[in-house]
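Residue numbers (the working numbering): 6 to 353.
Beta carbons are placed, not taken as given, at the ideal position from N, Cα and C, and that holds for glycine.
Being a predicted model, the structure only gives us computed values, none of them experimental.
Structure record follows, encoded as structure tokens.
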């Protein structure tokens, strides 16, 4: 018989949450007091970490204990019909609202600026003004940073100027525009690929709009004080355990219909959208559908690229000293894990 207090086996059901609450009470953790303290201070609680670390599950459990809802901080879950490949968590199933998911069709080119503006509005209107704790969960480090720190110094997109730059690239070649960027902002140009059209366009657009180097704005943003008072809880585990979880998740995605999901998106005309062609899980299946790999090669590529994504996320979050880290593999039961997460939240 499986131990249902183990993290992976724990079922989020009413009786399980009641048992968890009783355990916390026995350990002298006053949930009502913690909740009131967080509401009064208007603090954001952020659950972050690499893909497959269990952020959504922890988020749902905390939302149950703290009587709140969840804001997803994920750059791809915002798109409708991209469910299996993004491993969307069905919060409705647990009687919770999850914001920042299923907001746009896949052909919407969402910027971090737009994401932050929408999320900021949700935090103010759906949480703070209603005396609810803003509980954020996700692995998109750039988007998390934008929400908690703000990015007011970076201008939003200018569609007319952007079209002009893109048309120029199509006519004169991307290398010419990369060299243009190098002249005005060598520091940023040397950090990106000379074929990275999206970043080249954005950096030139910002320079033309403001006369300021994109690299300088990044530095200012990095050193900016937080826009909100935030408590960040990072989930981590041994690399081999994380990779094992990634393997299982990818196998499950293919079993429940990832290829079918991508076929449907292509059939609806979304095959060339950046959200599909750049997202791990989707771009590899596109290659398979185009006859450039076998299904087994496709699975292996998804697993490899998901591991690479996890490495990037670990590096990004590792540069944020404000994160309070929790090692999931140090716990043999979820009761102690949740207790220690709540203690960290309460002590900040």
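Considering only C-alpha positions, which residue in the set the options is nearest to residue i?
| i | options | result |
| --- | --- | --- |
| residue 281 | 261, 91, 216, 134 | 91 |
| residue 151 | 125, 137, 163 | 125 |
| residue 332 | 239, 149, 193, 207 | 239 |
| residue 123 | 137, 155, 70, 101 | 155 |
| residue 334 | 264, 245, 127, 276 | 245 |
| residue 89 | 303, 264, 324, 317 | 264 |
| residue 213 | 166, 97, 275, 247 | 166 |
Shorter than 9 Å from the beta carbon of residue i to some beta carbon of chain C?
| i | result |
| --- | --- |
| residue 28 | Structure shown: chain C not included; a single protein chain is present. |
Under a Cβ-count criterion, where at least 16 other Cβ atoms within 10 Å of its own Cβ denotes burial, should residue i be classed as buried or exposed?
| i | result |
| --- | --- |
| residue 184 | exposed |
| residue 209 | buried |
| residue 77 | buried |
| residue 206 | buried |
| residue 144 | buried |
| residue 261 | exposed |
| residue 313 | exposed |
| residue 19 | exposed |
| residue 290 | buried |
| residue 121 | buried |
| residue 266 | buried |
Kindly give me the distance between the Cβ atoms of residue i and residue j, rounded to whole angstroms, as I take these residues to be in contact under 8 Å.
| i | j | result |
| --- | --- | --- |
| residue 350 | residue 51 | About 10 Å separates the two Cβ atoms, so there is no contact after all. |
| residue 300 | residue 55 | Not a contact, Cβ separation roughly 26 Å. |
| residue 235 | residue 48 | 7 Å |
| residue 72 | residue 40 | 7 Å |
| residue 355 | residue 164 | For the chain, the structure presents residues 6 to 353; residue 355 sits outside this window and is missing. |
| residue 242 | residue 58 | 7 Å |
Below 7 Å CB to CB, which residues in the same chain sit around residue i once its five sequence neighbours on both sides are set aside?
| i | result |
| --- | --- |
| residue 344 | 29, 32, 34 |
Below 8 Å CB to CB, which residues in the same chain sit around residue i once its five sequence neighbours on both sides are set aside?
| i | result |
| --- | --- |
| residue 180 | 199 |
| residue 269 | 86 |
Can you list, in chain order, the residues of its chain whose CB lies under 6 Å from that of residue i, leaving out five sequence neighbours each side?
| i | result |
| --- | --- |
| residue 186 | 194, 205, 208, 209 |
Q.
Under 8 Å, with one C-beta from each stretch per pair, do the stretch 25–33 and the stretch 108–124 reach the 3-pair mark?
A. no
Q. Is there contact here, the stretch 101–112 with the stretch 299–313, by at least three beta-carbon pairs under 8 Å?
A. no
Q. Are the stretch 52–67 and the stretch 80–87 touching, with three or more C-beta to C-beta distances below 8 Å?
A. no
Q: Take every Cβ of the stretch 252–267, pair it with every Cβ of the stretch 65–74, and state whether three or more of those distances are shorter than 8 Å.
A: no
Q: Determine contact between the stretch 186–200 and the stretch 210–224, defined as no fewer than three beta-carbon pairs at a distance below 8 Å.
A: yes
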